[in-house]
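For the protein sequence lines, the chains are A and B, in the order given.
Just so we're aligned: the first sequence equals residues 805 to 1173 in the working numbering.
Just so we're aligned: the second sequence equals residues 805 to 1173 in the working numbering.
2 protein chains.
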Amino acid sequence: MRKVGIAASGLTEFSKNDSSVESLMLSAIKPIFHETKNLSQNDVDVVLTSTNANNKYLANIISELSGISPRTAHTVESLCNSGTNGIVSAYSYIASGLADVALVVGAEKNDSPGLVLEWDKSRGAYTHPIYWASMFASAHMRRYGTTLEDVAYVGAKNHRNAVDNPYAYFKKMFSIDDIMKSKYLTETLRLLDCSMPCNGAAAILLASDEIIKKFTDAPVWISGIGQKSISAGFTKNEDLTSMKSTVQSSIDAYHMSGKKANNVDVAELHDAFSICEIIELEDLGFAQKGMGTSYVKNLYDNNDKKINPRGGLVGSGHPLGATGIAQTIEIFQQLQGKAKKRQVDRAKTGLVHNMSAAATSSTVLILES
Amino acid sequence: MRKVGIAASGLTEFSKNDSSVESLMLSAIKPIFHETKNLSQNDVDVVLTSTNANNKYLANIISELSGISPRTAHTVESLCNSGTNGIVSAYSYIASGLADVALVVGAEKNDSPGLVLEWDKSRGAYTHPIYWASMFASAHMRRYGTTLEDVAYVGAKNHRNAVDNPYAYFKKMFSIDDIMKSKYLTETLRLLDCSMPCNGAAAILLASDEIIKKFTDAPVWISGIGQKSISAGFTKNEDLTSMKSTVQSSIDAYHMSGKKANNVDVAELHDAFSICEIIELEDLGFAQKGMGTSYVKNLYDNNDKKINPRGGLVGSGHPLGATGIAQTIEIFQQLQGKAKKRQVDRAKTGLVHNMSAAATSSTVLILES
């Protein structure tokens, strides 16, 4: 298998500014061509678009609008986990030798048809993701004595981190008290525990080890990949204090890379809701089961940016098809030492965790500089 | 790169029988698990769904309904070329070593949102694909003196072939005269020159060379792959007597496989409209430019099933996301010697050609037994 690395990236601001999915994607792609040395449109073999939008033939349209005439062009969709599905697919085209260079661009609008899964209605009338998030929170509270204040630390930390992310939807501190007092959507879930659907795009350029040095002196390698789809139905995840697909994905990604949780210097975790980060810290091996809350408090108290330095989904916003790519870009920048105010010291190994629909499916990537 | 082969397949009838996309997909998957020795749901690492339907998280839903808990699951969309995009993506997961076994299932309904591309409206008010097909026909007529009767031979041949395809939408002979007298939709395009949008599904199982012998004694290998996206806009294809993306895809697929057109024993060509088959025969190297018409007449006169033995899209119907997979299944069965009444003698090497939107993008696959 050929080594595959990340050569370049581009982002738009995550916002409520209305724009078409096409325009968002083009804005994210633009800096890749402007800022990458020796890169021309002719280099790009694969263009994958990641979105829940109903647009058809989007990868071909974006290719044409970008002046690219790729071999392979299609859309990848798997709800909130679309972005890393696109990246893993691009990886496989390059690793297999079918392609040398692949562009993956994700975008979403704040009224995306992926926000509420029609299918959910057939599995217990979950008319909104807040219900599964609320059940995760209740289960963790029952088993480990987690409190609403414990959960509020995730939001306070991630919102504080987002202040240093120029692309974040929120750029505003929220205190523990602000979060404790924000509107209750369910018994165990408040408005400030939720990521915000928004408009945004993210683009990333992958290349084989033979060619990547033409584009960058500081490639970041994808050394571990784990993916798992447990089901489409939340109720198949028997233990609501854990995300089975995340556990399995991390086992595979750690195995492929030869790294473990304690080798990871910086990580992006899919905090669609604050409670998710606590559970994921435990499932990914950063904290013992039931200890995710104290792990987060410790990060907060020490202003440690190791987990979700760009502010997570809670601070940055959540344009579904762009999220997994934006998460990967953050780790790319961290491992290049280019994350500016968000920079984690001596970050050499990073982790990306992206998931869909109550973690019925997950992706875990290990990146190394 | 690891060798990748086709181990098994399943089809539904192509029809107007109303059914959900999920039900269609499950019906196509069912025979794969029923008829493949030693195959269990646990063997499947990747599930890709190919469709233009707006359903979200479909690959995960289909996985759950099929009892599969794959690593990778997502939808692939690239209009009419979605099916072979799914197959090439599955190929790359296996060839790269990320997966051993992949299931690709495509389905479409006759009212698919992929039938008319919104984008077309921004590139000259093509409110329906019949307009680009009509322009292809007019251009070929102008340059090579092709007549409407020449074009009618494609339909007569493919409808005759479809009579022996139990899954075909049409199972009825149409004479040259029937086609000549069918309703004119444009000056150069009649109703019986068109493929029919319909409901249908097709599923195919790919596996690495290490594992495929567990499932079948007669694997069919994917030895050549070519893909090209020229643009999303028909007008970029300067010469309307040729499909630039098809030419480039065939060059790459022939090169990768070491085969040429004259090595191909049987082929599936994307005859969304009858004129397409004539142009594709020329672009793929089966006939000299301008000689596609006499090539087709020769096939017709000799009842030679070499091109579109299952009846092509014109005879079989065109459920968009399923089409490329159904084409590949036909060549799989031909190379296994299991195509029954449609069987082409001593077929060892086959070709699949699948395209989207006026051949603005194409895929060519070379298969070998």
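C-beta: ideal position from N, C-alpha, C; glycine also.
Cβ contact (3+ pairs, closer than 8 Å) linking the stretch 947-966 of chain B and the stretch 1047-1059 of chain B: Look at the beta carbons and you see the stretch 947-966 of chain B not touching the stretch 1047-1059 of chain B: under three pairs across the two are nearer than 8 Å.
Listed by chain order, chain A residues near S1165 of chain B by CB distance under 7 Å: Within chain A, the residues near S1165 of chain B are N864 and A877.
D968 of chain B and K1145 of chain B closer than 8 Å at C-beta: Yes; because the gap between Cβ atoms is below 8 Å, this pair is in contact.
Which of helix, strand or coil DSSP assigns to H878 of chain B: Shown here, H878 of chain B sits in a strand according to DSSP, grouped into three states.
Residue range of the beta strand (DSSP E) that includes G1154 of chain A: G1154 of chain A -> beta strand (DSSP E) spans T1153 to S1160.
7 Å CB neighbourhood of Y973 of chain B in its chain, flanking five on each side removed: Setting aside the 5 residues that flank it on each side, Y973 of chain B is surrounded in the same chain by F818, S819, M1000, C1002, S1120 and G1121, each with a C-beta closer than 7 Å to its C-beta; the list follows chain order.
Alpha-carbon spacing of A943 of chain B relative to I872 of chain B, whole angstroms: CA-CA distance, A943 of chain B to I872 of chain B, rounds to 49 Å.
For L852 of chain A, the three-state DSSP class (helix, strand or coil): Assigned with DSSP and collapsed to three states, L852 of chain A falls in strand.
Close Cβ partners of N1107 of chain B (< 8 Å) along its chain, the five nearest in sequence each way excluded: Excluding sequence neighbours, N1107 of chain B sits near R964.
Endpoints, the alpha helix (DSSP H) within which E817 of chain B is located: Segment: none, E817 of chain B is in no alpha helix (DSSP H) and carries neither H nor E.
Assumed close pair L902 of chain A, I1029 of chain A - CB separation to whole angstroms, cut-off 8 Å: That belief does not hold up - the Cβ atoms of L902 of chain A and I1029 of chain A are roughly 17 Å apart, past 8 Å.
For Q1131 of chain A, the nearest candidate out of A:V1070, A:Q1092 and A:D1013 (CA to CA): Taking each of A:V1070, A:Q1092 and A:D1013 in turn and checking the Cα distance to Q1131 of chain A, the smallest one comes out for A:V1070.
Cβ-Cβ separation, L1171 of chain A to V1024 of chain A (assumed contact under 8 Å), whole Å: Yes, they are in contact, since the Cβ atoms of V1024 of chain A and L1171 of chain A sit about 5 Å apart, within 8 Å.
Residues within the stretch 835-864 of chain A neighbouring chain B, beta-carbon criterion of under 7 Å: So the close ones are N856, N858, K860, Y861, A863 and N864.
Which residues DSSP lists as bridging E912 of chain A, in chain order: Beta-bridge partners of E912 of chain A (DSSP): A:G1004.
Contacts around R875 of chain B, its chain only, beta-carbon distance under 6 Å, and the 5 residues preceding and following it disregarded: The residues are D849.
Residues near A1163 of chain B by beta carbon distance below 6 Å, same chain, minus five either side: Excluding sequence neighbours, A1163 of chain B sits near M1047, S1049 and T1050.
When B:K1152, B:S896 and B:T1097 are compared against L1139 of chain B, the one with the closest alpha-carbon: Between L1139 of chain B and the set B:K1152, B:S896 and B:T1097, the nearest pair of CA atoms involves B:K1152.
8 Å Cβ cutoff met for E881 of chain B and T1167 of chain A: Cβ atoms of E881 of chain B and T1167 of chain A: not closer than 8 Å.
Span of the alpha helix (DSSP H) around I898 of chain B: Its alpha helix (DSSP H) spans residues S886 to A899.
Minimum Cβ-Cβ distance from Q1031 of chain A to chain B less than 8 Å: Q1031 of chain A counts as touching chain B.
Own chain, CB closer than 7 Å to L828 of chain A, minus 5 neighbours either side, in chain order: Answer for L828 of chain A: T816, A911, N1003, G1004 and A1005, listed in chain order.
Counterpart residues of R994 of chain B in DSSP-defined beta bridges: Looking at the DSSP assignment, R994 of chain B forms a beta bridge with B:Y988.
DSSP three-state assignment for K1032 of chain B, whether helix, strand or coil: Assigned with DSSP and collapsed to three states, K1032 of chain B falls in strand.
Closer than 8 Å to chain A by CB, Y897 of chain B: By this cut-off, Y897 of chain B is an interface position.
T1167 of chain B, enclosing beta strand (DSSP E) - first and last residue: S1165 to E1172 is the extent of the beta strand (DSSP E) around T1167 of chain B.
For L902 of chain A, the three-state DSSP class (helix, strand or coil): Coil.
Cβ-based neighbour list, K1064 of chain B, same chain, cut-off 8 Å, excluding 5 preceding and 5 following: Hits under 8 Å: Y1058 and G1089.
DSSP three-state assignment for V1024 of chain A, whether helix, strand or coil: Three-state DSSP puts V1024 of chain A in a strand.
V892 of chain B: contacting residues in chain A (beta-carbon distance under 7 Å): Ordered by position in chain A, the residues that pass the 7 Å Cβ test against V892 of chain B are T876.
Alpha helix (DSSP H) segments (min. 4 residues) lying fully within the stretch 1085-1147 of chain B: Here the runs fully enclosed are 1096-1105, 1116-1120 and 1124-1140.
Backbone CA spacing between L883 of chain B and P917 of chain B [nearest angstrom]: Near 9 Å, if we compare the C-alpha coordinates of P917 of chain B and L883 of chain B.
For I1079 of chain A and M1060 of chain B, the rounded distance between their alpha carbons: M1060 of chain B and I1079 of chain A have their C-alpha atoms spaced approximately 50 Å apart.
With 16 other Cβ atoms within 10 Å as the buried cut-off, status of T951 of chain B: Counting every other CB atom within 10 Å of its CB across the protein chains shown gives T951 of chain B a total below 16, marking it as exposed.
K985 of chain B beta carbon less than 8 Å from that of V1100 of chain B: It is not a contact, given that the beta carbons lie outside the stated cut-off.
Beta-carbon gap between I891 of chain B and G1128 of chain B smaller than 8 Å: Their beta carbons are under 8 Å apart, which means I891 of chain B touches G1128 of chain B by this criterion.
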